[in-house]
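Here the sequence shown is numbered in the working numbering, starting from 1 and rising by one per residue.
First up is the structure itself, then whatever we jot down about it.
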Amino acid sequence: MRLTRYFLPVLKETPAEAQIVSHRYMLRAGMIKQASAGIYSWLPLGFKVLKKIEDIVHEEQIRAGHIPMLMPTLQSADLWRESGRYDDYGQEMLRITDRHGRDMLYGPTNEELITDIFRANVTSYKDLPLTLYHIQWKFRDEIRPRFGVMRGREFYMKDGYNFDLTKEDALHAYNRHLVSYLRSYERMGLQAIPMRADSGPIGGDDTHEFLVLAETGESEVFYDSAVTDLTFGDREIDYDSVEQCQAIMEEFTTKYARTDETHDEAAFNEIPEERRRVARGIEVGQIFYFGTKYSEAMGASVQDKDGNKVPVHMGSHGIGVSRLLGAIIEASHDDKGIIWPEGVTPFHCGIVNLKQGDGDTDAACEGLYAALTKAGLEPLYDDRNERAGGKFATMDLIGLPWRITVGPRGLKNGVVELTSRKTGESVELSAEDAVARVVEIYAGV
Ligand code: 5CA
1 MRLTRYFLPV LKETPAEAQI VSHRYMLRAG MIKQASAGIY SWLPLGFKVL
51 KKIEDIVHEE QIRAGHIPML MPTLQSADLW RESGRYDDYG QEMLRITDRH
101 GRDMLYGPTN EELITDIFRA NVTSYKDLPL TLYHIQWKFR DEIRPRFGVM
151 RGREFYMKDG YNFDLTKEDA LHAYNRHLVS YLRSYERMGL QAIPMRADSG
201 PIGGDDTHEF LVLAETGESE VFYDSAVTDL TFGDREIDYD SVEQCQAIME
251 EFTTKYARTD ETHDEAAFNE IPEERRRVAR GIEVGQIFYF GTKYSEAMGA
301 SVQDKDGNKV PVHMGSHGIG VSRLLGAIIE ASHDDKGIIW PEGVTPFHCG
351 IVNLKQGDGD TDAACEGLYA ALTKAGLEPL YDDRNERAGG KFATMDLIGL
401 PWRITVGPRG LKNGVVELTS RKTGESVELS AEDAVARVVE IYAGV
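Structure below.
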């Protein structure tokens with residue numbers, strides 16, 4: 001993409017309404033624009049990162065054997081009356097009446113709708129196990145929407161639902177989700193720690209939230225610092241193996257890590273004092289096992305091997321896709337702007353032309369642009385007639401992990417400069433070597 005042909009409305013001023021750094025940078029980098037309280041338009045740069053995150057979530061869910069689909073945003077109130085949640089959900093639910101006077105709602109989550117799909121189509125244990133998921137907009141009429149996409153009213157969420165014959169099978173589904181979430185967050189450059197939590201209006205006893213540690217997080221968390229040493233890395237995992245998934249679940253959830261809702265002071269005090277941590281975190285996902293709560297209320301049952309009708313065991317599993325943009329920026333930025341992890345960056349590499357209009361530098365930039373594009377990467381070429389300082393400031397603000405700077409002086413010596421956004425370190429290389437280096441970096445992402 002050439003910047004002169006793109007739509008990147010960066011702001012010079014710091015918007016007064018933004019209280020935390022991720023919100024400030026998302027506004028300043030022209031990623032989002034507020035449409036009304038807690039509701040945002042996703043401008044091209046923000047939309048690009050949103051899609052990158054969505055792609056990672058899809059890939060990891062499909063790898064785990066979960067099946068993508070799409071349900072609507074608007075739902076009928078009748079289904080929610082069946083589960084009993086129409087009245088329970090309270091004012092967070094946006095209720096709508098259509099022209100025929102029928103009660104509708106903008107879905108805050110989809111347990112009812114998916115259970116209705118299941119009961120209409122599945123009758124035998126032979127069709128289990130089954131996990132369906134979608135990535136769709138949700139609406140919760142939060143009393144205090146704040147911090148930009150972090151606590152929106154309209155937000156983008158991945159929600160998955162497992163249907164299993166037994167509790168053991170459903171707990172395997174729970175563990176599969178835990179593993180797939182660990183992989184997803186790590187690919188986004190994040191450490192998200194599973195913590196024992198409270199299930200709230202979703203219900204059930206078994207639930208973990210995934211928290212990214214950040215001072216601006218809305219949740220208070222208590223943990224053993226040893227949990228921060230755990231990483232999933234690039235291990236191979238067989239998602240069908242009950243033992244492998246169980247072992248990883250135990251590895252990541254045995255050490256003390258809880259949100260304030262389930263915090264137990266006595267258990268916390270058993271951790272050696274130097275490892276006790278009280279901090280704040282951003283909740284980027286939550287997994288639940290709630291047994292037969294919805295299947296019993298809504299008549300979702302299957303015939304087991306002996307021909308008996310039994311309600312299925314279920315769980316639901318969410319990732320805050322739009323919130324993740326805020327969480328990633330909170331975890332990765334400096335005073336100049338965002339520092340995107342390579343896995344989610346909107347463009348792979350910036351190209352800065354220090355002397356726009358100079359025949360040689362223009363040609364060198366075009367050559368780099370063509371070579372990176374041919375290698376399957378997306379460069380962002382700042383081809384504006386601006387001074388170097390302004391171009392660097394924009395690149396630093398929007399946070400592309402790599403930048404290639406091209407100027408007449410370097411070209412005389414046959415070199416361009418490759419700079420890491422994260423470390424600020426630069427190396428001088430021939431244009432071909434710079435391209436090869438960037439291609440090599442992304443081959444490992
Ligand atoms: N049905 C279950 C699992 S699919 C569910 O709704 N879980 S949840 O309530 O925990 O939401 C899943 C994730 O969505 C949360 O972990 C959080 O990351 C994100 N989320 C929840 N509310 C908001 C909000 N108001 N703004 C942005 N993201 C949100």
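All C-beta atoms, glycine included, are put in the ideal place defined by N, C-alpha and C.
Following the DSSP letters along the chain, one finds G315 inside the beta strand (DSSP E) bounded by residues H313 to G320. Cβ atoms of R277 and G217 stay farther apart than 8 Å, at about 13 Å. The three-state secondary structure of L380, taken from DSSP, is strand. For R28 and I202, the gap between their C-alpha atoms comes out near 36 Å.
Residue range P44 to R63 is occupied by the alpha helix (DSSP H) that includes I62. One Cα belongs to A35, the other to A16, and the distance between them is close to 16 Å. According to the DSSP secondary-structure assignment, H333 is paired through a beta bridge with I338. Note that the C-beta distance between M157 and L113 is not below 9 Å.
Your pair P108 and A37 does not check out as a contact, with CB atoms roughly 17 Å apart and the cut at 8 Å. According to DSSP, residue pairing for K33 in a beta bridge involves S41. The stretch 83-143 is shown to contain whole beta strand (DSSP E) runs of 3 or more residues at 94-97, 103-106 and 130-139, in chain order. Between the alpha carbons of T394 and G376 lies a distance of about 24 Å. The Cβ neighbour count for D164, taken over all protein chains shown within 10 Å, is at least 16; the residue is labelled buried. L182 sits away from V284, with the two beta carbons spaced by 9 Å or more.
A distance criterion of 8 Å places the beta-carbon of I202 in contact range of the ligand 5CA, judged by its closest non-hydrogen atom. Here E209 is buried. Its C-beta has 16 or more other C-beta atoms within 10 Å. A direct Cα-Cα distance of roughly 25 Å separates T97 from D159. At least one heavy atom of the ligand 5CA sits closer than 8 Å to the Cβ of Q286. Here Q244 carries a helix assignment [DSSP, helix/strand/coil]. Separation of G357 and G414 (C-alpha to C-alpha, rounded to the nearest whole angstrom) is 19 Å. Counting C-beta pairs with one atom in each stretch, the stretch 219-235 and the stretch 185-200 have three or more that are closer than 8 Å, which means they touch. Of A443, K422 and I404, the smallest CA-CA separation from E428 is found for I404. Under the 10 Å beta carbon count, E330 is surrounded by 16 or more other beta carbons and is classified as buried. With a threshold of 8 Å, the Cβ atom of I319 counts as near the ligand 5CA, since some heavy atom of the ligand is closer than that. Residues of the same chain with a CB within less than 7 Å of the CB of K422, apart from the 5 flanking positions on each side, are I339 and P401 in chain order. Inclusion of T109 in the 8 Å shell around the ligand 5CA follows from its C-beta lying nearer than that to a non-hydrogen atom of the ligand.
Take the alpha-carbon of C365 and the one of M93: they are about 52 Å apart. Counted as a single uninterrupted DSSP element, the stretch harbouring D229 is not any alpha helix (DSSP H), since DSSP gives it neither H nor E. For P9, the CB contacts under 6 Å within the same chain, skipping 5 residues up- and downstream, are G30 in chain order.
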